[in-house]
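Input: a single structure, listed below in structure tokens.
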DNA sequence: CCTGCGTGTGCAATCGTTTTCCGCCCAGAC
DNA sequence: GTCTGGGCGGAAAACGATTGCACACGCAGG
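Protein chains in written order, with this note's numbering: chain U, 63 to 402; chain Z, 63 to 402.
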């Protein structure tokens, strides 16, 4: 901004060489300087409200003390908790977070990723991965430190932190079966994402485990994890004449779309049809009806991802590990026994 | 990350001096270099996937091409739209956004503000201002470029972009009066914020304009713009024996708290009591009942603030202006005529 | 043939730090 | 009194870009 004081000025005021000032102010090297002069320097720094110029430091140390976060859209309520988790642990270690919204646009994503690299971020946390993503796998092979949150990339050793998609869906389906449902539909998410895919597979397997044969017409897939795409897919299912008594949505946004379609068709939830979402986004407990959904600890996912990245920055050749955090089924009022 | 190519390498590959490479790659100076060699340099840059080192550039140019955003909590649904507005226009001009969450903690805010300055941000957008804030007024006087969003600081010439708080509340109160309400309460927000204060004043004035005398017991104030503080304040009002037929909440979070208290007391909204919120946060249209509220164009507020900051960066001694964007009343199902 | 000018390029300094390498000083041992 | 060695602190070289300045060259005009 305006003439911030520089290290040289601090040094002058303390009557020492700039080198000494640098050492005095840096905890790692302050042992090299006489305690008395160290105090002098620190006093001078305090009086001048000295803040080291991060760019100069970064240029020299080849570390920016910043990490980038790539996500589809901050406006999606799923992400703020993740981001807070990330920021809180990174900030505690002195790192700054750079957020970039891709809007699911691959072109844009590439650009944003490049600007992050231009800014010399020390690492990247990625929430936008596709299963076959090669932008990230290439970068990973080139040594870019990264960890995936929420979604993963197929067949890669990129570390990741995700919720337990499989178990979450299994719990949801089992719950519906216990209530007496047999015609259970799934509105799947985009299959190019790991979440869309593994949730869909979990749905199939849960039915299978219960000895219920899958009616292929009850499995539809939304093109995006959004309300409108979710609505589109479930509308198509009904228009094809399918009549499920319960729906498992691949996430809460899609569940919102399901609710819209239920309303269009004057079906009451849960009286006429049950619905389970996924994620337990903020405010879904205040919907009409309050949504039963699979809770995923998003803040912890973010925090854990940040910790993992920090570990890998400190120790570059740590083996890549993938953490999955447990999901829990939270029952509210959108599920009930099927009407007879 | 790993050995990103440097300008020197690009220059070598193109067979020119690093100076020339710099000029060739920089649109502002590229006219100084022969078109043919410019093409050579650009080709070399492309082949190497060269990205200029932002820290080196920033160090030399004394510009970081980044701006900081200070907000209370990203997790509050009010903020993501504002942030997107900011990021979208800043990104279009090549700026990066640094987000910091203060959690309404003044100490933390000071620290975060300092780290932003250490990172040499070119400007700051602030959503956490208090009416009497001196951290920011001082910084402003020192020449730190900033603009306030949403909230303002009293008696200062810091530029700001806000919604029309006064008009918004006036519309809400008038609407309730037209429905036949006379015992209209206001759950105000913290009075150390400009929003809390001007909304409260607008409420008083709207009553006055309608010739309704203010019952002081119907004006309570929440300590924070949160659900629990909102609930606490409205609960206190009821416990004092007050019986409004309508409530104007200072924002949607507080309105959520009002709804909680209505439920506690088995009052139905809108049958027994009407409620109007403020902000039109995402998802309040899906509450039970869908919330009537004052819509504020948050994305535009963010975008406008960013544009204003950009203007001031380009032209430092632009006169400070304050923009207020129009609010609109959106009627849903939480308001009705009072029961007779 | 010389001067002058414009165009295109290179040289070198610089931004604010960190860091390696030295040299100084002084205490203590002989 | 000289020598040794440790502890402090300074000199200078980076890091990767930008930029004012100088220089080389070609060409036109006198």
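Each residue gets a CB set at the ideal place from its N, CA and C atoms; glycine is no exception.
A direct Cα-to-Cα measurement between residue 256 of chain Z and residue 332 of chain Z gives close to 29 angstroms. The CB of residue 349 of chain U comes closer than 7 angstroms to the CB of 348 in chain Z, given here in chain order. Using a Cβ-Cβ cut-off of 7 angstroms, residue 142 of chain U counts as an interface residue toward chain Z, since at least one Cβ of chain Z sits closer than that to its own.
Look at residue 273 of chain Z here: in three-state DSSP terms it is coil, with no helix or strand label. Within the region 380-397 of chain U, no residue has a Cβ lying closer than 9 angstroms to any Cβ of chain Z. The beta carbon of residue 176 of chain U sits closer than 7 angstroms to some beta carbon of chain Z.
If you check each beta-carbon in the region 347-373 of chain Z against every beta-carbon of chain U, the ones closer than 9 angstroms belong to 348, 349, 350, 351, 352 and 361. The beta-carbon of residue 287 of chain U is placed no less than 7 angstroms from the nearest beta-carbon of chain Z. Our two residues, residue 214 of chain U and residue 358 of chain U, have alpha carbons roughly 16 angstroms apart in a direct line. Of all C-beta pairs linking the region 126-140 of chain U to the region 176-186 of chain U, three or more are shorter than 8 angstroms, placing the two stretches in contact.
Counting only Cβ-Cβ distances below 7 angstroms, residue 136 of chain U has contacts in chain Z at 142, 145 and 146, in chain order. Between the alpha carbons of residue 164 of chain Z and residue 198 of chain Z lies a distance of about 14 angstroms. For the region 193-276 of chain Z, the full-length alpha helix (DSSP H) segments reaching 4 residues or more read 196-203, 227-241 and 256-271 along the chain.
For residue 385 of chain Z, the enclosing beta strand (DSSP E) starts and ends at 384-387. Scanning the region 98-145 of chain Z for uninterrupted beta strand (DSSP E) segments of 3 residues or longer gives 128-133, listed from N- to C-terminal end. The three-state reading of DSSP puts residue 191 of chain Z in coil, since its state is none of H, G, I, E or B.
Out of Z:308, Z:378 and Z:105, the CA that lies nearest to the CA of residue 75 of chain Z is found in Z:105.
Assignment of beta-bridge partners to residue 186 of chain U by DSSP yields U:130 and U:208. Against chain Z, the CB of residue 121 of chain U has a partner CB under 7 angstroms away; the residue lies at that interface.
A straight line joining the alpha-carbon of residue 326 of chain U with that of residue 316 of chain U spans about 15 angstroms. Inclusion of residue 276 of chain U and residue 263 of chain U in the CB contact set at 7 angstroms is not warranted, their separation being larger than that value. In the DSSP secondary-structure assignment, residue 163 of chain Z is bridged to Z:133.
If you draw a straight line from the Cα of residue 268 of chain Z to the Cα of residue 235 of chain Z, it is about 6 angstroms long.
At a cut-off of 7 angstroms between beta carbons, residue 329 of chain U makes no contact with chain Z.
Contact annotation: in the region 196-216 of chain Z, residues whose CB is within less than 9 angstroms of a CB in chain U are 201, 204, 205, 206 and 207.
Of the other Cβ atoms in all chains shown, fewer than 16 fall within 10 Å of the Cβ of residue 91 of chain Z; this residue is therefore exposed. Here the region 111-127 of chain U makes no contact with the region 341-349 of chain U; the two share fewer than three CB pairs at distances below 8 angstroms.
Residues of chain Z whose Cβ lies closer than 7 angstroms to the Cβ of residue 332 of chain U do not exist; the shortest such Cβ separation is about 15 angstroms. The DSSP assignment places 281-283 as complete runs of the beta strand (DSSP E) inside the region 278-310 of chain Z, in order along the chain (cut-off: 3 residues). Sequence-distant partners of residue 253 of chain U (beyond 5 residues in either direction) whose C-beta falls short of 6 angstroms from its own C-beta, in its chain, are 259.
At least one CB of chain Z lies nearer than 7 angstroms to the CB of residue 345 of chain U. Taking the Cα positions, residue 377 of chain U is about 31 angstroms away from residue 135 of chain U.
With distances taken between CA atoms, residue 320 of chain Z lies nearest to Z:291 out of Z:348, Z:291, Z:97 and Z:194.
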